[in-house]
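This report refers to the structure that appears directly beneath it.
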Amino acid sequence: GTVEQTNQLETTSYHVYQHNHYTVGIAFAGSFMNGRIPTSNQLRVGAHLIAWLMQELHIPLARVWGHREFPENTTVCPGSEWSGVNRWRDLLFERIEQVQEGIGVKNVRHYLLLGTVQAGTDNLYHIGDLLSYIERFQPTVGFSLEDAKYAEYVTVIGGEAAVSGAAESTLRKHGCHVDRIAGRDAEETLRVLTELVRMERRFQEYDVDF
Numbered sequence: 111g112t113v114e115q116t117n118q119l120e121t122t123s124y125h126v127y128q129h130n131h132y133t134v135g136i137a138f139a140g141s142f143m144n145g146r147i148p149t150s151n152q153l154r155v156g157a158h159l160i161a162w163l164m165q166e167l168h169i170p171l172a173r174v175w176g177h178r179e180f181p182e183n184t185t186v187c188p189g190s191e192w193s194g195v196n197r198w199r200d201l202l203f204e205r206i207e208q209v210q211e212g213i214g215v216k217n218v219r220h221y222l223l224l225g226t227v228q229a230g231t232d233n234l235y236h237i238g239d240l241l242s243y244i245e246r247f248q249p250t251v252g253f254s255l256e257d258a259k260y261a262e263y264v265t266v267i268g269g270e271a272a273v274s275g276a277a278e279s280t281l282r283k284h285g286c287h288v289d290r291i292a293g294r295d296a297e298e299t300l301r302v303l304t305e306l307v308r309m310e311r312r313f314q315e316y317d318v319d320f
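This is how it looks when you write it as structure tokens:
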């Protein structure tokens, strides 16, 4: 998630054959092949950097290209997953657009959202019930939809009786990645969480960890 500048913007570097004189190169550390993509933190910070450069240099998103998308450049860079199965290009562009729209600023990585008393006692989960998951993945835990809006990822515990579909839609509109854990009843929901811990998997829907 750190950014290192190796050259001044005015410096012409050798990084894109035949296109060095007008391009700015950004390298994401890693080899993004065979299902691997940049970490959530890399995508978040990279999106902010690119959005800033686009603003400073008056570059439209349509002109943000991967290395191999330039003519006369035969390379796999920035990895087969740039436009392959996981298409991290799309994930990056989505986050750039969120930054441009003012909804990309997230100061919480992962929020575990629980139902409030208004949902009814049958739909409430106690912190103690979720302790193994919380201890393993260390999310921020709370009952506040407003606080959850500022999270990059939100795990919703329980069905719509606990946290409404409207609340989930609100989170998605604010750029949150929402993963709802909801079994047929409370016991099944807790079993799903226990299985996620056993598998060392933070989310059902997203194959990421941090």
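Okay, so the sequence shown: first residue is 111 according to my numbering, each after it adds one.
All C-beta atoms in this analysis are idealised placements derived from N, C-alpha and C, irrespective of residue type, glycine included.
- Short of 7 Å from the beta carbon of R290, and not among the five residues preceding or following it, lie these beta carbons of its own chain, in chain order: V266 and E278.
- In this structure, the CA atom of G194 is about 19 Å from the CA atom of E315.
- Taking the Cα positions, H129 is about 26 Å away from R205.
- For F138, the closest C-alpha among the options E191, P170, A258 and M164 is that of E191.
- Take the alpha-carbon of E297 and the one of I237: they are about 14 Å apart.
- Assignment of I147 by DSSP, reduced to helix, strand and coil, places it in the coil class.
- Assignment of alpha helix (DSSP H) within the stretch 161-226, counting only whole runs of 4 or more residues, yields 198-210 in chain order.
- Beta-bridge annotation (DSSP): R290 is paired with V266.
- The three-state reading of DSSP puts V251 in strand, counting E and B together.
- If the five residues before and after L201 are omitted, its C-beta is found closer than 8 Å to the C-beta atoms of I147 and L153, all from its own chain and listed in chain order.
- Here D239 is near L300, since their CB atoms are less than 8 Å apart.
- Restricting attention to E245, A272, K259 and G293, the CA atom closest to the CA of R312 is found in E245.
- Distance between Y132 and K216, taken at the CA atoms: about 32 Å.
- If you draw a straight line from the Cα of T280 to the Cα of F247, it comes to about 24 Å.
- In this model, A258 and T250 are separated by some 9 Å (Cα to Cα).
- Here N151 is near F320, since their CB atoms are less than 8 Å apart.
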